[in-house]
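Only one structure is covered here, and it is reproduced in the block below.
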Amino acid sequence: MQILRKIHSCKVFEIILVFIAFLYYSFFINKGLILFDEGYFVHSAERILNGEVPYKDFSLQYGPAYFYLLALFFKMFGSTIIVERFYAVAICLSILVTTFLILNKLRATSCPVVLLSFLCVVAYGYPLINISNIMWANVLTALLCVFVYLHWYLTNGRLQFVYLSIIGVLLALALSLKQNIGIASFVTLNFLILFSKKRPVLYAIRDTAILNGICALLTFGWVYYFFLRDNISGLFAVVEYSKKFASSIAFTIPPITYITQPFGIFKLLPYYVPIVFALFLLSYLFKKNKDWKKFGFAFMAVTGFAITIFPQSDLLHVYPFLGSIMVAILLFGYTHKLRIYVIIFIIINILIGFYLTFFTKSYRYEPKYSQLNTQLPFPRTKGLLVEKQGAVNLIAVSGYIKAHTTQNDYILAYPYAPMLYFIFERRNPTKDAIYYQSTWHFYDDKIILNDMKQKNVKYIIVVAAYKYDTDISRFIQKQKEVFSSGDLLVYQITAWK
């Protein structure tokens, strides 16, 4: 009876914490506007909503599932930035709920553990990436895989086949979101299913066959629909783009010499804590009596982190799995004799997360949250607050575009501001959304320029620096600048040669 009361009180505590997280996240829902990354997601979802098919009618560097779900949200609730932000909040709250479910399955239900885990997830949660970034969905699917794996690990009999089937579905979903995380989850779960449970070798092979068979069948379904039936060239284009993109970015992390700088240790912790923890897990793997349940959770978090920061290793790619890694460190250290030092270490990292949220730039490169205080008066940005000068620039350019084009006319937003198509309600004449450099878009500049000519594009909106060694950039420099506001320029196309 006492155990039941404890479980009940723990669940009530977790529900209260989820509600607190929702209130905390809600403060950031209407803050900022990211022309590049956020624009990519909403613009792609809108093209789907308008009946266009990804990989065929427009390019897409990720799997299709995330964008179809976002398009469904737009269909149900309206195509606005706030709707897109609530979509992201729903995913981030689901990450917290799934973390609590995993803790319950691991019997780590003491109030201090639950509270510290909550703070770990929230400190490195939604406010640091307060847009519908696909990385949050990657974290959620990875954690759901772990949660179902724990059920499978603790179950015998026919029910274990149900859990294997669910894991197979989740892995297929992971592969349809972002391929590198999907592959990492696939390898991790296969390893855990093969080696964590003591049973005859044939049984282990049978279990992985069930898992992989369901995953392969579902993955083949969407690959066939989008590529194999009539668009095999689209598949080759995605593969080629991924190779070019990965090779164009040099993978780096902050050098250890940062430790000699004032507060340099705090810059190193988000990068090096997961690395040190990964080495610990490697040694733990060879222990005779290991807890596969805790190891499975920690292994997935570390693997997800490693894949997410390659090749782009800026803090935006560090944040998503960092909260889960901190929870895993807490689980391993809380029962250790050095528990007090582990708790202090966790609290320091939690404080770093909140410091990054409130005292550094929002979304890593944008104005601080405290500077986002001006409303944008567009139908699709209702209730949104941005930095004052940014609002002035967008309103001014919108007025010019509205006076010289009609809704759904074609314009070009260059080089990396697909959000402008969405908030100005103008159409993209090309299959690409980003033209920053040749390795960041699928199609050749000449094809893009030809598409623009065919669709009678008259105006190009340029954001910030735009002079590159590319055909599109040289073409723009030959045109007539007709309007400017801050770092936004409008060019009128006067000649196609």
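Plus 65 on top of the position in the sequence shown (first one is 1) and you've got my numbering.
Even for Gly, the Cβ is constructed at its ideal location relative to N, Cα and C.
From a predicted model like this one, the values you see are computed outputs, not experimental measurements.
Check, Outcome
"Residue interval of the alpha helix (DSSP H) (run including Tyr-268)", "266–288"
"Residue interval of the beta strand (DSSP E) (run including Leu-415)", "Sequence check: residue 415 is Ile here, not Leu. From DSSP, Ile-415 is part of no beta strand (DSSP E) but of the alpha helix (DSSP H) over 404–424."
"beta-carbon Asn-115 near the ligand SAM non-hydrogen atom, thresh 6 Å", "The ligand SAM is not part of the structure shown, which contains no ligands of any sort."
"Nonlocal neighbours in the same chain, by C-beta distance under 7 Å from Ser-538, ignoring five residues either side", "Tyr-531 and Lys-532"
"Own chain partners of Asp-122 with C-beta closer than 8 Å, once the 5 adjacent residues on each side are dropped", "Arg-112 and Lys-496"
"Cα-Cα separation, Ile-411 to Ala-188", "11 Å"
"Any C-beta of chain C under 7 Å from that of Phe-507", "You won't find chain C in this structure, because it holds only one protein chain."
"Inter-residue spacing [alpha-carbon to alpha-carbon] between Tyr-306 and Ser-230", "32 Å"
"Closest residue to Ile-499 among Leu-242, Ala-482, Leu-168 and Gly-97 (Cα-Cα distance)", "Ala-482"
"Chain-order list of residues whose beta-carbon lies under 6 Å from that of Arg-429 (same chain, five-residue window excluded)", "Leu-380 and Leu-381"
"For Glu-111, the first and last residue of its enclosing beta strand (DSSP E)", "Where Glu-111 is concerned, there is no enclosing beta strand (DSSP E), although the alpha helix (DSSP H) it sits in stretches over 102–114."
"Rounded separation between Ser-549 and Leu-477 - CA only", "15 Å"
"Rounded Cβ spacing between Ile-466 and Arg-491 (contact assumed at less than 8 Å)", "7 Å"
"Secondary structure of Phe-548, DSSP reduced to three states", "strand"
"CA-to-CA distance, Leu-238 to Leu-205, given in whole angstroms", "11 Å"
"Identity of the residues DSSP links to Tyr-306 by a beta bridge", "None; Tyr-306 has no bridge partner."
"Three CB pairs or more closer than 8 Å across the stretch 359–369 and the stretch 335–351", "yes"
"From Ile-314, Phe-370, Ile-232 and Gln-542, residue whose alpha carbon lies closest to that of Gln-502", "Ile-314"
"Residue closest to Val-252, alpha-carbon to alpha-carbon, out of Pro-265, Val-266, Lys-262 and Asn-277", "Asn-277"
"C-beta atoms of Ile-232 and Asn-203 nearer than 7 Å", "no"
"Reduced DSSP secondary structure (H/G/I, E/B, other) of Val-528", "strand"
"Through-space distance from Lys-523 to His-108, alpha-carbon basis", "20 Å"
"Enclosing alpha helix (DSSP H) for Gln-519 [first to last residue]", "510–519"
"Exposure label - Asn-198; buried when at least 16 CB within 10 Å", "buried"
"Alpha-carbon spacing of Ser-250 relative to Asp-356, whole angstroms", "20 Å"
"Contact between the stretch 370–377 and the stretch 148–159 (3+ Cβ pairs under 8 Å)", "no"
"Bridge partner(s) assigned by DSSP for Phe-142", "Partner(s): none; Phe-142 has no beta bridge."
"Candidates Asp-552, Asp-516, Met-517 and Gly-448: closest to Ser-91 by CA position", "Gly-448"
"Alpha carbon of His-216 to alpha carbon of Phe-226, nearest angstrom", "11 Å"
"4 or more residues per run - each alpha helix (DSSP H) lying fully within the stretch 466–498", "484–489"
"Span of the alpha helix (DSSP H), counted from its first residue to its last, around Thr-439", "Note, Thr-439: premise wrong, no alpha helix (DSSP H); beta strand (DSSP E) at 437–440."
"Stretch-stretch touch, CB-based, cutoff 8 Å, three pairs: the stretch 420–438 with the stretch 448–460", "yes"
"Beta-carbon spacing of Gly-128, Ser-298 below 7 Å", "no"
"Those runs of the alpha helix (DSSP H) which lie wholly inside the stretch 150–208 and span at least 4 residues", "176–188"
"Given 8 Å, three or more beta-carbon pairs between the stretch 138–147 and the stretch 166–179", "no"
"Exposed unless 16 or more other CB atoms sit within 10 angstroms - verdict on Thr-284", "buried"
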